[in-house]
Structures are given as structure tokens and as C-alpha cells.
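The listed protein sequences correspond, in order, to chains D and B. Heads up, the first sequence is in the working numbering, so the first residue is 45 and it goes up one at a time. Heads up, the second sequence is in the working numbering, so the first residue is 45 and it goes up one at a time. Below: one structure, written as C-alpha cells.
2 protein chains.
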Amino acid sequence: MIERIRRATAPGRGVRLGIGDDCAWVYHSTGSSLITADLLIEGVHFNLKWTSLFALGYKSLAVNLSDIAAMGGVPAYAILSLGIPPRLDSKHIDEFYRGFNRLAKNCGVALVGGDTNLAESLIISVCVIGHPPARPVGRKGAKAGDDIYVTGTLGDSALGLELLRKRLPSARQGAIAQLLARHRQPTPRLAAGSFLAKENLATAMIDISDGLLQDLSHVCEASNIGAIIWNERLPLSRAYRTMVGSDRTSYALSGGEDYELLFCARARKRARLESLPARTEVKITRIGRCVAARRGISVLDSSGKPLALQSKGHDHFKKQ
Amino acid sequence: MIERIRRATAPGRGVRLGIGDDCAWVYHSTGSSLITADLLIEGVHFNLKWTSLFALGYKSLAVNLSDIAAMGGVPAYAILSLGIPPRLDSKHIDEFYRGFNRLAKNCGVALVGGDTNLAESLIISVCVIGHPPARPVGRKGAKAGDDIYVTGTLGDSALGLELLRKRLPSARQGAIAQLLARHRQPTPRLAAGSFLAKENLATAMIDISDGLLQDLSHVCEASNIGAIIWNERLPLSRAYRTMVGSDRTSYALSGGEDYELLFCARARKRARLESLPARTEVKITRIGRCVAARRGISVLDSSGKPLALQSKGHDHFKKQ
């Protein structure tokens, strides 16, 4: 198995010793590293009825690269550990690695090691190590008065998952396919994150994995601020608008797994940020403003009235 | 949960940003790193009937440190991801972290991040990053004519597990306690590994996790050699000899989870290696010799006759 994996994996730059020894031995461009990890469990995070193993391999790396993007870093090395149930054979596992390696190659990431074991359900544990920018962007650092931005569009992934759960209607295949793709193979916003960090444009940044409001609350806590979000400014894809209309923003506010970046920036950088898309490979949208911590987080409708919010997003410990 | 973990964890040296952001940000003493990962799954690798959560936390880090030791490195940072079943409450999880952090502190390792999720059974995924010596010792590099050594004693852990499975007899409590301790809280041989690498004494090295013969076969494959092991030279603990006698070496040959180091060295280093124990904090024993690859691996009895070998060790993919 390990030999199969080794042969299917391109040797990466800076890898002195890769798959097949006790440890990987890798080089760094600087004397410091970013490290992130995600654990994905069948039945909790994914359902093999609704995803291919290729897409799952792709996504299990993507969610980690998204964390590196959120610090403004450049990913370099990945460690992948799998718990494999007996019902999956080596073809399935090859498919998984094909998806993983596809994204790894696109993003210049070298798979350098891991562990494989027998398990009752599929377990995927990924650790990614990256090169930090001169000043990594954390969650702390936003101030009242800062603008709040997001990359891309919100809610597509959650809506895609909903469509999968409900079976697909036969009409609107184009919109559905787009939403499913966003759910299955999200794009980590590496160019945007790296650019924002390098140019010192973001005061705080996070990737949206648990839903906009939930992840915004992490930034607010860490930075000790509150936030106002303008409901009508939320960037919705055409597919989103086709399927549920632009009035129903609940998927965009609280749906998980967008893997877009949420960041804060000083108001004086506004002109600069609005001319950016070419450099970040994705559009960015100003959706709100940081306020004093005691004002909490509120979402305002077009008349300036706060919406009643029900759920703050996805909680991994909530009973499903 | 994350906040509880953060508070229970000592901030480490070189950690610029630890638990609680998208990534950890850490410093390196050199421009390169060793990386290793292990995935432990309830029902496959451990049984909560036979182990405390403290011991499990300790061991889940120990097995990774053992991989760092096997390259001659010094461990620095750990990432811990947990899948937690609902039947475990926060007291159990605190116990786990207490065990993990106890060993981390003893070995100068900083826990810098990870992921926590709901799961059906307990899943433990650990990644450790360490500083390599000038020349990390891999599995490749042994030559025919080299001596073969191991640290410590062999088979204690496998024998401990056997005793757990069969219920404990009431006599010989002292010996049993020692074997159980070896099974539950193995000692990663960091000082020995690091010393052997620094002094250029080992031509190839591996830690014994799947049993002596199984791990020896990895070194033989990577180095393209065969090996002769002298059965009567296998280092057996007093507890081992008390429980099964020194004739039955099957636990020492094929039992898993010793977490001792197996290494090869040029014959001219023999005098040097035999005077080492003070520097390596553990005794080392010469148990065999590297031979040409075509001779395979054989274990010789005291009259020089090869033993008939049944199993090469523990295979994680064998049906249990």
C-alpha cells in the first residue's frame, strides 16, 4: 500500500526524504513554518453516497490549504493519514490519492508522509506545513471602524449539500452542477490570502468553514470587536440566486464549508482593495464594518433593521 | 473545548502562534524539519477497557516521538486531532491531555494545534515536527558486514498486552506491572537516537513498532541487505524471563510496540558502541549481523541452526 502511494506521488521541491521512512525530512525557505491539521470522519463530515473518492481526496487537502491561505501563507508539505474500512479496495484508495495529488500538484504541495490503517469507517487526517509571509495574519488585529470583506460568493456549498440530501430536481441542472462543484471541490484562496498578507492589507483574517457568522464570531472574540453585516451586500452566485433567490440569505450567513476568506481592513485601504481582483484571482466584496465589542454581531436588512438570527453556523459537536 | 485545551497546554519555545488560530506558526533552529504522523483508532490500536485515557494520551505522543528518535532528531512541535465519541465527557478528555502533555513537557515538545470532532469511536491523529541532526539516519545505508543492535529489551509490550487480554494471574504482580507499564507508556529513545546520529555511529535506524523481524525487514529492503539474528542474544527483561522464560523468544522477535531502536553500525565501531550506555540512557545490545540480500533474514539458535519463523510481526491490514 505504502509503495503504491509512494509511486503515485510526485517528489516535491525541498523534500530530502519523503514517503517510506520513519519521518519525512523537508527544507524551509525561512526559519519558521505554518502548521495546520484537519480530521475528517465518514458519517460526521462526509457521506460516500454523495461524494466520489476523487472529490474527497481533493477536498481533504483543500480544507487545509484554506487554513494556510487564511494566514497569508504558501503551502509546502502535506502529511496524510488514512483509516480505511475493508469495503474500500485499492482502486477506491487510488481514486482518493488521485484527487489529493491533483490539488497538491496545482498548489505546489508535496505529500511527504502519513500513516495507513484498517478502520471501521473512512478516517482522513491531513496536516499541512507552509511558509509564512513576513507577518502572518491571525484573527486578532481587527479594530472598530475596520471594513469587513469576503472573497468569492457565500452559501453555495451549503446549498449544494442541501440539494444532495434532498435528491436533485430535474430542472436547473447547470445551477445545481455549479453548487455541487462548490461543495465537493472548493478552491482554497491561496493567491488572495498571500497577496493580502504580503501587502499588509488585512488586519485579521479567517477562512469560512463553519459559516460566515460563526467564523466572524471567532474574529470578533480574538480581536475584541463587534460587527455589522449588510445583508444585501452578501455576494451570492448566480446559481444561488437561481435556486433560492437573493432574499433567502441563510445559506450565505450560516451555511458551512464556503472556504472563502473573511478579512478586516482599515477603511483607508478601501480604494486599494476595490481595485484588487486581478491580483487575488477572485473578487472581493465589502460586506460590513467592525464596531465596538459591546454591540455584538448584527446583520442589517436594507432598511437598516437587524435580522433575527437563529443559528450561528455549524458546530462539530452538535448532535446531527 | 479548544479553550480548555489551550489553557491546559504550556506555551512552548519557538511558538509564535499556537492553539486557537487557523495555523500554528513556529520557529526552526535550522532550515529543515522532520515530520511524522500516526493515526490511532479505538478497536484497532487500543481498547479503553485495558488502558486509561492518561496512558493513551501519553502513548499517542510516545509512538510519534519514537519515529523522531529513529531519525536521530529532536522533537519540537505536536499537532493533535481527536475524534471524540459522545460517551466520553470532558473529564476523560482532560485525562487524555494530561497524559499527552506530561510526556510533551518531559521531552520539550509544544502542542501547537489540531482539530476536535464528534466521532463514533475515539480517533487520535498526531503529527510531530522535529529538528533533524546534521545527517538524519534513514533505513537505507546498512551494508553486509555491519553489526545489528537494539536498545533496551524486546517483547515486553506484546507480553503486557497478552496478559491484559487473558486477565491477570494473581501471582507475579511485580513482573506484570512492569510489562503493563512497558505496553501502556513506552519510552521513546530520544537520547539514544540523537546521540547515535550526532556521532555518525548508525548506518541505518528504525524504531520497532511492528515487531523486531518486521521492522528489520524494512531496513533490509531499503538497504538491500539480508540479516542474521542470534536468538540467544535478544535482550529480555527480568519480567519477561519471569513470565515466559528465556527460551520463548516469539514476543521479542515478533511482538509489536516495543518502541526500541534497531540500528546497524560498521563493525569497527563495536568497541565505541559497547561503552555507550551512559550517553544513551539505555543499554544497547548487539543481536546480529548484516549479510548479503540473497540470504534473507534468519534467526539462529545457540547451535547455529535457523529457527522456523511463523509470523514476521504485526500487520495493520491483517484481519484481527
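Backbone N, C-alpha and C define an ideal beta-carbon position, used for all residues, glycine too. Just so it is clear, the structure is predicted and the values come from calculations on it, not from any experiment.
Straight-line measurement puts the Cα of Asn161 of chain B at about 46 Å from the Cα of Lys187 of chain B. With distances taken between CA atoms, Ala106 of chain B lies nearest to B:Leu234 out of B:Leu234, B:Asn91 and B:Ser125. The beta carbon of Phe144 of chain B lies closer than 6 Å to those of Gly101 and Leu105 in the same chain, with the five residues before and after it left out. The beta carbon of Ser319 of chain B does not come within 9 Å of any beta carbon belonging to chain D, so the residue lies off that interface.
The continuous beta strand (DSSP E) containing Cys171 of chain D extends over residues Ile167 to His175.
Judged by DSSP secondary structure, Ser319 of chain B falls outside any alpha helix (DSSP H); it is assigned neither H nor E. A distance below 6 Å between beta-carbons, with the five flanking residues on each side excluded, links Ile123 of chain D to the following residues of its chain, in chain order: Gly157, Gly158 and Cys171. Under a criterion of Cβ atoms nearer than 7 Å, the residues of chain B adjacent to Val156 of chain D are, in order, Ile79.
Annotation: Thr160 of chain B is outside any alpha helix (DSSP H); the continuous beta strand (DSSP E) that includes it extends over Ala154 to Leu162.
For a Cβ distance threshold of 9 Å, residue set Ser76, Ser77, Leu78 and Ile79 of chain D lies close to Val70 of chain B, ordered along the chain. Residues of the same chain with a CB within less than 6 Å of the CB of Leu208 of chain D, apart from the 5 flanking positions on each side, are Trp94 in chain order.
Nearest in C-alpha terms to Val181 of chain B, of all of B:Tyr141, B:Ile112 and B:Pro230, is B:Ile112.
The three-state secondary structure of Ala120 of chain B, taken from DSSP, is strand.
As DSSP reads the structure, Trp94 of chain B sits in no beta bridge. For the stretch 267-321 of chain B, the continuous beta strand (DSSP E) assignments of 3+ residues that do not extend past its boundaries occur at 269-274 and 305-309, in sequence order.
Between Asp200 of chain B and Met249 of chain D, the CB-CB gap reaches or exceeds 9 Å.
Ser77 of chain B places its beta carbon 9 Å or farther from that of Gly152 of chain B. The Cβ-Cβ distance between Ile273 of chain D and Ile220 of chain D does not fall below 9 Å. Of all alpha-carbon atoms in B:Arg216, B:Pro350, B:Ser346 and B:Arg51, the one lying nearest the alpha-carbon of Arg339 of chain B is that of B:Pro350.
Counting every other CB atom within 10 Å of its CB across the protein chains shown gives Ser290 of chain B a total below 16, marking it as exposed.
Under the three-pair Cβ rule at 8 Å, the stretch 314-325 of chain D does not count as touching the stretch 280-290 of chain D.
Per DSSP, the unbroken beta strand (DSSP E) holding Ile192 of chain B starts and ends at Asp191 to Thr195.
DSSP places Ser77 of chain D inside the beta strand (DSSP E), whose first and last residues are Ser76 to Ile85. Separation of Ala225 of chain D and Gly204 of chain D (C-alpha to C-alpha, rounded to the nearest whole angstrom) is 8 Å. The DSSP-derived three-state label of Val59 of chain B is strand.
When B:Ala148, B:Arg142 and B:Leu126 are compared, the shortest CA-CA separation from Val118 of chain B is found for B:Ala148. Looking at the DSSP output, Arg330 of chain B sits in a beta bridge with B:Tyr193. Within 10 angstroms of the beta-carbon of Ser319 of chain D lie fewer than 16 other beta-carbons, which makes it exposed. Ala225 of chain B: not part of any beta strand (DSSP E); member of the alpha helix (DSSP H) spanning Gln217 to Arg228, first to last residue.
Using a 10 angstroms sphere on the CB of Asn91 of chain B, the tally of other CB atoms stays under 16, which defines it as exposed. Secondary structure note for Ala236 of chain B: its alpha helix (DSSP H) is the uninterrupted segment Leu234 to Lys242. The beta-carbon of Arg330 of chain B is placed no less than 9 Å from the nearest beta-carbon of chain D.
Contact with chain D is absent for Cys264 of chain B, since none of that chain's Cβ atoms lies less than 9 Å from the residue's Cβ. If you check the CB distance, Gly87 of chain D and Ser165 of chain D come in under 9 Å. Interface flag for His89 of chain D against chain B is set, since a Cβ pair is found closer than 9 Å. As computed with DSSP, Asp251 of chain D is found in a beta bridge with D:Leu305.
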